[in-house]
Amino acid sequence: MQQLHSDIEDMVTPSWLTSVPANLGSPSHGKLKADQWRVLGTTYLPISLVKLWAKVESGNERSERCGQILGITMSLLSAVVVASSRVTSPSHADLYLQHMQAYLAGVKEIFPHYSFHPNHHMALHLHEYLLLFGPVQAWWTFPFERLIGLLQKIPTNYIPGKC
Amino acid sequence: MVSHSSLGEYEETISRSFTRSANLRGLLTKTNCPQAIKQCQPMFQKLLNPQVRDTLITDMLSLSTALQDTENAVAVDSSNECNSHPIPQSIYEALVTSLRITPPRYADFLSHLTIGGITYTVSSKHLGNSHVLLALNESEDLVPARIDHILQLRIGDAVKTLIVVRRHERSQVPCDPFLRYPIVRAKMWSTQLKEFEIVAIDAIRSHYAASHITWDGIPVTVVTSLSRVSILRYFVSDDLKAQILSHRCTNRSVC
Numbered sequence: 014m015q016q017l018h019s020d021i022e023d024m025v026t027p028s029w030l031t032s033v034p035a036n037l038g039s040p041s042h043g044k045l046k047a048d049q050w051r052v053l054g055t056t057y058l059p060i061s062l063v064k065l066w067a068k069v070e071s072g073n074e075r076s077e078r079c080g081q082i083l084g085i086t087m088s089l090l091s092a093v094v095v096a097s098s099r100v101t102s103p104s105h106a107d108l109y110l111q112h113m114q115a116y117l118a119g120v121k122e123i124f125p126h127y128s129f130h131p132n133h134h135m136a137l138h139l140h141e142y143l144l145l146f147g148p149v150q151a152w153w154t155f156p157f158e159r160l161i162g163l164l165q166k167i168p169t170n171y172i173p174g175k176c
Numbered sequence: 165m166v167s168h169s170s171l172g173e174y175e176e177t178i179s180r181s182f183t184r185s186a187n188l189r190g191l192l193t194k195t196n197c198p199q200a201i202k203q204c205q206p207m208f209q210k211l212l213n214p215q216v217r218d219t220l221i222t223d224m225l226s227l228s229t230a231l232q233d234t235e236n237a238v239a240v241d242s243s244n245e246c247n248s249h250p251i252p253q254s255i256y257e258a259l260v261t262s263l264r265i266t267p268p269r270y271a272d273f274l275s276h277l278t279i280g281g282i283t284y285t286v287s288s289k290h291l292g293n294s295h296v297l298l299a300l301n302e303s304e305d306l307v308p309a310r311i312d313h314i315l316q317l318r319i320g321d322a323v324k325t326l327i328v329v330r331r332h333e334r335s336q337v338p339c340d341p342f343l344r345y346p347i348v349r350a351k352m353w354s355t356q357l358k359e360f361e362i363v364a365i366d367a368i369r370s371h372y373a374a375s376h377i378t379w380d381g382i383p384v385t386v387v388t389s390l391s392r393v394s395i396l397r398y399f400v401s402d403d404l405k406a407q408i409l410s411h412r413c414t415n416r417s418v419c
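Residue numbers (the working numbering), protein chains in the order written: chain A, 14 to 176; chain B, 165 to 419.
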C-alpha cells in the first residue's frame, strides 16, 4: 500500500482527472465513488502493480502467484477501459466479454473458494447492452446520481413543511 | 438528508434554489440579456462553472462541443493572458523549419486553449495540463510531449494557433512490461525530452498521466493515455489475441 500511496502522490495528472485520495485504504477518506474506482484502476493501479509484480521469479511460489493476480487484474482493468470507451462497436463488445471472462475464470482458478456476487454475473450482460444501446455514457445513471447529489448539497434549514 | 413524501417548505427551498441557479445561467445566453451583464460574462462563468474535475463534466463538455460547429471546437477564452512578444531564437528556428516560410518576429503567447471542453496549458502554468499525446503521423503510435508555449501568429490576414512542444525520447528499456497490456494504454518513454518542435493543435489527441519510475536501473516515464476513446487498431494485435486466448475461460458458466 505504501508503494501505491507514493505512486498516487507522485503521478502528474491533468486538473480535470477525478482525484483519488493519496491515503487510499484509510477510513478517513470515506467510500470511493464509482468514478474514483475507475480512475484508480485504469490510471494508478497498473503502474504500481506492474512495478511490484511484473518481474516473476520462476520457482518462487509467491512471485508466481502475484504474477497470476497481476494478469487477471489487468484483464479486469482492460475490460473496464473497453466498456467505458466513448466509442463502441461489436468488436469492442466482444473484446470486453473476452477480458471479463478471462478475469472471472482467473479468479475462479486462483481463488477456488471465492463466492461470486450477482455483480459478476451482471457484468457479463454488459456485452449485450453495448451491442443494444451503444456507449455506456448514453445510458448509465450517473447523471441522475449527480443530480441527487446536487439537490442534497442545497443548504436548507431542515424544517419539513406540511401538506 | 432525511426527507418525507409530502410537499412543504423544505422541498420548496430546494427547488427554488435549483431554479434560481438555472435562471442565472440561462440569463447569459438570452438575446435580450442587458449589455452590462453580458460584459460580466467571463466573471460569471468563472464563478458559476463547476470545477472540471470528474468524468461526468468532461463527458458533458465533450458532448456539447461536438454539437457545436468545428470552428468553436477550439476556444481561446477572453481570460487568456494574450500578450504579443518577440519570439525567442530557438523557437523561431523551429518555426522556420516547420512552416517553411519566414514567420513574423512577434507572436501572441497564450497560456491555455480549450479543445473539446478540455483545457490544455503551457507547462509553466500547469504541468499535468501540458502533457499531451500527439498524432504526428496517422500510421504511427501516439507520441507523448510537453507543451511549452502556445503561439498565435498573424500570417497575412490569417491567425494561426500552434503549440511549441518537446517530445519524449524513446525508452532504452529492452522489454517494456506494459506492452503486454495494450488496452490499458501505458508505455515507457525516456525521461529525456527532444528539442522544440512546432505542431498544429489538431495533432492533439488527449492528455496523459505521467509517472517517473526506474526500471532495470533505467529512469523512465510511464505514460498512460487518458483518452476516453478506445481505438481497436492499437490493441487488436496477434500477440494480444494469443494472450486473450491463453487466459480465456474454458467454462463459460463461471458464475
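All C-beta atoms, glycine included, are put in the ideal place defined by N, C-alpha and C.
- Looking at the backbone, the Cα of S71 of chain A and that of M352 of chain B are separated by about 24 angstroms.
- Within chain A, the residues whose beta carbon sits less than 8 angstroms from that of D223 of chain B are R99, Q150, listed in sequence order.
- At a Cβ-Cβ threshold of 8 angstroms, I319 of chain B and T222 of chain B do not count as neighbours.
- For E359 of chain B, the secondary structure class from DSSP, reduced to helix, strand or coil, is strand.
- In this structure Q336 of chain B touches I382 of chain B by the C-beta definition: roughly 6 angstroms separates them, less than 8 angstroms.
- In this structure, the beta-carbon distance from V120 of chain A to I85 of chain A falls below 8 angstroms.
- Inclusion of I21 of chain A and L37 of chain A in the CB contact set at 8 angstroms is warranted, their separation being smaller than that value.
- The DSSP-derived three-state label of H290 of chain B is coil.
- The region 107-115 of chain A makes no contact with the region 58-75 of chain A, as fewer than three CB pairs between them are under 8 angstroms.
- No alpha helix (DSSP H) of 4 residues or more sits fully in the region 306-376 of chain B.
- Listed in chain order, the non-local C-beta contacts of Y372 of chain B below 8 angstroms within the same chain comprise H295, V296, L297, P308, V387, T388, S389, L390, local neighbours out to five positions each way being set aside.
- Residues of chain B whose Cβ lies closer than 8 angstroms to the Cβ of A35 of chain A do not exist; the shortest such Cβ separation is about 14 angstroms.
- Residue environment for Y171 of chain A: exposed (fewer than 16 other C-beta atoms within 10 angstroms of its C-beta).
- For V348 of chain B, the closest of A:S19, A:L17, A:L62, A:P27 by C-alpha to C-alpha distance is A:L62.
- Cβ-Cβ distances below 6 angstroms link A350 of chain B to F342, V386, T388 in the same chain, with the five nearest sequence neighbours on each side left out; the list follows chain order.
- By the rule that beta-carbons nearer than 8 angstroms mark a contact, T388 of chain B touches chain A.
- Against chain B, the beta carbon of P59 of chain A has neighbours under 8 angstroms at F342, Y345, V348, A350, T388, listed in chain order.
- In the structure shown, T101 of chain A adopts coil according to DSSP, grouped into three states.
- The continuous beta strand (DSSP E) containing D272 of chain B extends over residues 270-274.
- With at least 16 other beta carbons inside 10 angstroms of its own, R51 of chain A counts as buried.
- For S394 of chain B, no beta strand (DSSP E) segment is defined, and its DSSP state is neither H nor E.
- Close to G292 of chain B, with beta-carbon spacing below 7 angstroms, are these residues of chain A in chain order: V25, T26, P27, S28.
- Chain-ordered, the chain B residues with CB closer than 7 angstroms to the CB of M87 of chain A read Y345, V348.
- For T154 of chain A, the nearest beta carbon of chain B is not closer than 8 angstroms to its own beta carbon.
- Between D312 of chain B and D23 of chain A, the alpha-carbon positions lie close to 21 angstroms from each other.
- For Y284 of chain B, the three-state secondary structure derived from DSSP is strand.
- Residue B:A258 holds the alpha-carbon nearest to the alpha-carbon of I362 of chain B among B:A258, B:R334, B:M207.
- S394 of chain B has a beta carbon lying within less than 8 angstroms of a beta carbon in chain A.
- Contiguous beta strand (DSSP E) elements confined to the region 36-89 of chain A do not occur, taking only those with 3 or more residues.
- In the DSSP assignment, H295 of chain B falls within the beta strand (DSSP E) that extends over 295-298.
- For P383 of chain B, the pairing in a beta bridge is given by DSSP as B:T378.
- For S335 of chain B, no chain A residue has a Cβ inside 8 angstroms of its Cβ, as the nearest lies near 14 angstroms away.
- For a cut-off of 8 angstroms, the C-beta gap from S88 of chain A to Y116 of chain A is around 4 angstroms, short enough to register as a contact.
- When the five nearest sequence neighbours on each side are left out, the beta carbons in the same chain lying within less than 6 angstroms of the beta carbon of P34 of chain A are those of H42, in order along the chain.
- Short of 7 angstroms from the beta carbon of P103 of chain A, and not among the five residues preceding or following it, lie these beta carbons of its own chain, in chain order: L144.
- Between L300 of chain B and I365 of chain B, the gap from beta carbon to beta carbon reaches 8 angstroms or more.
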